[in-house]
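What follows is a single structure, written as structure tokens, with notes after it.
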Amino acid sequence: MLVDAGLAALEEADTVVVPGWQPPGGPVTNQLLVDSSATGGALSSMRVTLGKGANGARPHHHGKSAEMFYVLDGTAQLRSGDQVVTAERGDVVVVPPGTQHAFAAAPGEIADMLVIITPGVERLEYFRHLERIRYGKVPPESLLEVQELYDSYFGTSPVWDAARR
Numbered sequence: 805m806l807v808d809a810g811l812a813a814l815e816e817a818d819t820v821v822v823p824g825w826q827p828p829g830g831p832v833t834n835q836l837l838v839d840s841s842a843t844g845g846a847l848s849s850m851r852v853t854l855g856k857g858a859n860g861a862r863p864h865h866h867g868k869s870a871e872m873f874y875v876l877d878g879t880a881q882l883r884s885g886d887q888v889v890t891a892e893r894g895d896v897v898v899v900p901p902g903t904q905h906a907f908a909a910a911p912g913e914i915a916d917m918l919v920i921i922t923p924g925v926e927r928l929e930y931f932r933h934l935e936r937i938r939y940g941k942v943p944p945e946s947l948l949e950v951q952e953l954y955d956s957y958f959g960t961s962p963v964w965d966a967a968r969r
């Protein structure tokens, strides 16, 4: 939720427990801080909290947007292009538009990250779509129909798969 001075009120931000990504280490939560519509399309921002070793997002790319990951706490594993990096508290990873990427908590670790997408893309409806998939209201293939709408194009990555084993 956006308040007077353009500050995100964290206690009132929309929080979504991402369905289907509930590994033994703990859930994945996405707390939407600012959606694109609240910034005139300039950016979208969320806080992603990953339980121990939890997968965050499978390989995908954004055709128009860059994505920045700032590690608030813990240790994250991120893929950008063909490179898989480990980022710790205070580290920043920026993924340019068109670059396939993925993220997760490092094995045995938690990760808490601030994620900024610019230009912004509406994320709340995207997360709601994931919930509908989880509860069987729409098939997983329905994400293919909305890739352009959410500027999220899914792919595969043997490099990422090998790093996550």
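Heads up, the sequence shown is in my numbering, so the first residue is 805 and it goes up one at a time. Even glycine gets a Cβ: it sits at the ideal position worked out from N, Cα and C.
- Exclusion of the five residues before and after Ser848 leaves Asp839, Ser840, Ile921, Gly924, Val925 and Arg927 as the residues of its chain whose Cβ lies within less than 6 Å of its Cβ.
- A direct Cα-Cα distance of roughly 14 Å separates Leu854 from Thr890.
- Residue range Ala870 to Ser884 is occupied by the beta strand (DSSP E) that includes Tyr874.
- The three-state reading of DSSP puts His866 in coil, since its state is none of H, G, I, E or B.
- Taking the C-beta atoms as reference points, Pro900 is found no nearer than 8 Å to Gly857.
- Per DSSP, reduced to three states, the secondary structure at Leu918 is strand.
- For Val852, no alpha helix (DSSP H) segment is defined; the enclosing uninterrupted segment is the beta strand (DSSP E) at Ser848 to Leu854.
- Nearest Cα to Val896 within the set Gln904, Val875, Arg883 and Thr903: Val875.
- For Pro943, the CB contacts under 8 Å within the same chain, skipping 5 residues up- and downstream, are Ile937 in chain order.
- Per the coordinates, the alpha-carbon of Ser946 lies some 36 Å from the alpha-carbon of Gly894.
- Going by DSSP, Glu935 is part of the alpha helix (DSSP H) stretching over Leu928 to Arg938.
- Contact between Ala906 and Ser961 holds: CB atoms are separated by about 7 Å, below the 8 Å threshold.
- Pairing Val888 with Gly860 gives a Cβ-Cβ distance that is not under 8 Å.
- In this structure, Ala909 keeps its C-beta atom at 8 Å or more from the C-beta atom of Gly885.
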